[in-house]
Amino acid sequence: MSKVSLFLISLLLIPISALCSQATGNGGTIQGIVTDPSGASIAGADVTITNAVSGYTQNVKSGTDGTFHLVNVPPNQYRLQVSAPGFSPFSQDIPVHTQVPIQVKAALTIAGSTETVNVSASAEVLENVPATHTDVSQTLLQNLPVSTVGQGLSDAITLTSGGVVADSNGFFHPQGDHGETTYVVDGQAISDQQSKTFSTQLPSNAFQSLELVTAGPSAEYGDKTSMIVNAVTRSGLGQQPTGSLDLSYGSFGTVNEEATFAMGGSHWGDFLVVNTDRSGRFLDSPEFTPFHDKGNNETIFDRIDLQPGSRDSVHLDLFGARNWFQIPDTYDQLDQDQRQQATTLSAAVGYQHTFNPQTLLSINPFFRQDHITYYPSADPFDDTPATIDQNRHLTNWGTRIDLSYANGTHNLKVGTQLMQTRLNENFGLGITDPTFNPICLTASGAAVTSPTPTNPAACSGLGYVANPNVSLGLIPYDLTRGGALFHFRGAANIDEEAVYAQDQITLKNLTLTLGLRFDNYDGISTDNLVEPRVGFSYLIKQTGTVIRGSYDRTMETPYNENLVLSSTTGAGGLASNVFGAFGEQALRPGHRNEYDAGLQQAVSKYVRIEGDYFWKFTDNAFDFDTLFNTPIAFPIEWRKSKIDGVSLRISTSNLHGFQAYTTLGHTRARFFGPEVGGIIFNSPLDTGVFRIDHDQALQQTSYLRYQYKKDGPWGMFTWRYDSGEVAGAVTDLADALALDGDEQAAIGFYCGSEVATLYRPITSCSSNYGATRLSIPAAGAYNPDHNPPRIAPRNIFDAGIGTDNLFHRDKLKTTLKFEVVNLTNEAALYNFLSTFSGTHWVTPRSYTVTLGWTL
């Protein structure tokens, strides 16, 4: 589809959406009528839905005509309960997996008799759907500890989903892949990177619920499918004025202010979030003690709902955010003063029209832009080994149209998504270290730092030896030898069109999903793919068991961050001529086959156990690399990957104030050379298999919380175990000895009783060596597939205490909490000399006290 056609379609849909104005998005609606035995309506009946595992609840009263509406309901399984004075309670189990309003007739019986429909003990905790997913409620989002400033959403995802490997700066790796996550926020799909070094992030207090889908994605989802974060934001529709204000102060001078406000009527609503954060440890730092690491984050989110009639509804999501931060220094770069700013602007409309009780039309036009600016030090020679600057824009705009039909056993959806991504990239680079790319070497092999000569042919005449590894393309940009800055400017538009159809068929205890998607990708490279997706789940009522399985064919699109830089081959080969790489090739979308098998088991109505095994095969598998050791990260592509793993989750419902869960995950992420896309620094002849640096053998999270009565004091405890990601920079003793003192100290390198320090590196060792924070393979035992070096295992404990109503008031409630992250102050690494992100330490022990008010 042409860019003009895409523009015209989106332009036409926006005013249509604005003219027709309910709480729309990914949430569902449960509506119906409450009657007595004669069929007369009952006004003022209490209608409540609850999910025992997630803790989500919503309550309304029936109107004067007996009708009720529960809106913006997150996808899940619910227990509906209706009660009125003089009548026996009514209850029914209701699955919500469609945006088509679900109709319920609650016929109450006279007190003394009971009417119960489709209710069983295990039904409260089981969900009979093929997709593997984790549900996260607003309550859990508010109670989880936050270790990364401005990245509460990433922390929540890492701590609740078993298949996620934690990384630095809010980054995470779902199901063995490098950040292949799509966020679907009230119908708006966002598949670009959301960690703070790439962008900003929606605040966690804006969400009503999250559904984290890790296998069996529906045909409506594309781009990045290792994890689908199906998010429903909070709404002010039908609410009396409510709000909250939280003020926090903590270690490293961290200050947070978070405010929410909601109000509305029967036909309108507004929900507003305003957050600010400041910290002296804004990024995870390359040193245990952070310095030059200040930063701040400002976020505003507003959701406006309008419902002028019973058939039409519209919502508008507005989001703006800014991250400004210093780039943390290391001990050998104390004069460096690099900084970065990231700003995000987003607007998304969601319009819904109900044709009849079975048919619903949804239209979602959207616009989103990230603007990243990277500032070098004022003196370029304070930056080593290179000075860089960057200014880039990443803009998505388009629309999504769905038609949903739910009737009898069928839940059908057909739709299309039209999107254009506009990329504009500018950066400059200059070499500031004369030893980084020396022209000549002394007889002993030392770098000659003299500004002359600039031609290797002149070395012998000066008594030197020409450097056989010199990158000739970098010489004109070596500032220590009279060179000038290299400037890159590039732009590209990427058009994506998708059409899809899916049907969820319920046949008593059997649920089938049949889907088909077609994706067309037209950007720096072109590709298209037909993608069948099928799944099943079966409920065994006698044992309280759900078995499930799925197969999915997907097209994974390239990362957009610095995609133009990584794919540009102009001027005779930008990469080989300037950067000294083997070459450069445009990235193509990956083609994936994924299989999944899982089991869900209820243990009474209080405990649920879930297990899942997945395996996926991808041709053209994505990763990131960095330009030398600068912060310029760009996407690359390997020939293929084979990833498999298991996850386990044990969770409880609320047991008299106590609630807990445990997640475990294991992944094998095997990638196969050669590198086939992006700037190719790796040999194109290397076809071997290796473990990618986000491969981890085991991660585990345990969360426990107890609260005395509804608003009483509470206590919380979490335990996170990570066995350690692959860290390929130190494969043997020789690699360890080649590190400088700061790097050796970071990994805790020792030889016998001698321990490396910043100013006393270990330069020779024959035996009895090792590292406390890195697992180094024994001599001759290194194998990139079966025995790579890894970060050492770590155990991180967090704890908190507090109260949700300090003075026991009914209206204005005062909240107070005290939290500790990394209770034992374990000195641990996320990664070490990673090709993607370098070296980062886990947050040291930090304290936070929060005082708040809720209306």
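Residue numbers for the sequence shown, in my numbering: 189 to 1043.
Idealized CB from N, CA, C, for every residue including glycine.
Sequence-distant residues of the same chain with beta carbon closer than 6 Å to residue i, five excluded per side
| i | result |
| --- | --- |
| residue 312 | 240, 267 and 793 |
| residue 835 | 350, 351, 800 and 853 |
| residue 283 | 265 |
| residue 805 | 781 and 830 |
| residue 590 | 550, 601 and 603 |
| residue 723 | 318, 404, 701 and 738 |
| residue 493 | 211, 423, 425, 457 and 503 |
| residue 508 | 488 and 533 |
For residue i: DSSP bridge partner residues
| i | result |
| --- | --- |
| residue 466 | 443 and 484 |
| residue 789 | 733 and 797 |
| residue 931 | Partner(s): none; residue 931 has no beta bridge. |
| residue 807 | 779 and 828 |
| residue 401 | 321 and 416 |
| residue 553 | 587 |
| residue 565 | According to DSSP, which records beta bridges pairwise, residue 565 is partnered with nothing at all. |
| residue 1033 | Residue 1033 is not bridged to any residue. |
| residue 877 | 860 |
Assigned secondary structure, residue i (DSSP; H/G/I helix, E/B strand, else coil)
| i | result |
| --- | --- |
| residue 751 | helix |
| residue 925 | helix |
| residue 342 | helix |
| residue 612 | strand |
| residue 664 | helix |
| residue 1006 | strand |
| residue 649 | helix |
| residue 509 | strand |
| residue 328 | helix |
| residue 603 | strand |
| residue 823 | strand |
| residue 863 | strand |
| residue 725 | strand |
| residue 394 | helix |
| residue 855 | strand |
| residue 683 | strand |
Alpha carbon of residue i to alpha carbon of residue j, nearest angstrom
| i | j | result |
| --- | --- | --- |
| residue 759 | residue 777 | Confidence at residue 759 is low in this model, with a pLDDT of 36, below 50, so the placement of that residue should be treated as unreliable; the coordinate-derived value is given next. Rounded to whole angstroms, residue 759 to residue 777 spans 25 Å at the Cα level. |
| residue 910 | residue 989 | 25 Å |
| residue 929 | residue 519 | 10 Å |
| residue 964 | residue 958 | 7 Å |
| residue 357 | residue 935 | 19 Å |
| residue 287 | residue 471 | 39 Å |
| residue 416 | residue 275 | 43 Å |
| residue 468 | residue 361 | 26 Å |
| residue 669 | residue 623 | 11 Å |
| residue 447 | residue 557 | 24 Å |
| residue 141 | residue 541 | With the chain covering 189 to 1043 only, the question about residue 141 has no answer from this structure. |
| residue 544 | residue 538 | 19 Å |
| residue 1037 | residue 808 | 47 Å |
| residue 923 | residue 962 | 12 Å |
| residue 1005 | residue 1012 | 19 Å |
| residue 753 | residue 583 | 16 Å |
Contact under 8 Å by Cβ, residue i with residue j
| i | j | result |
| --- | --- | --- |
| residue 229 | residue 236 | no |
| residue 529 | residue 480 | no |
| residue 921 | residue 823 | no |
| residue 491 | residue 459 | yes |
| residue 525 | residue 566 | yes |
| residue 847 | residue 893 | yes |
| residue 1021 | residue 1028 | no |
| residue 619 | residue 667 | yes |
| residue 914 | residue 879 | yes |
| residue 393 | residue 292 | no |
| residue 855 | residue 837 | no |
| residue 654 | residue 664 | no |
| residue 795 | residue 335 | no |
| residue 552 | residue 690 | no |
Cβ-based neighbour list, residue i, same chain, cut-off 8 Å, excluding 5 preceding and 5 following
| i | result |
| --- | --- |
| residue 429 | 449, 450, 451 and 1043 |
| residue 225 | 295, 296, 297 and 298 |
| residue 597 | 693, 694 and 695 |
Contacts around residue i, its chain only, beta-carbon distance under 7 Å, and the 5 residues preceding and following it disregarded
| i | result |
| --- | --- |
| residue 1047 | Shown here, the chain extends from 189 to 1043; a query on residue 1047 therefore has no answer. |
| residue 325 | 242, 243, 244 and 397 |
| residue 571 | 524, 526, 564, 565 and 620 |
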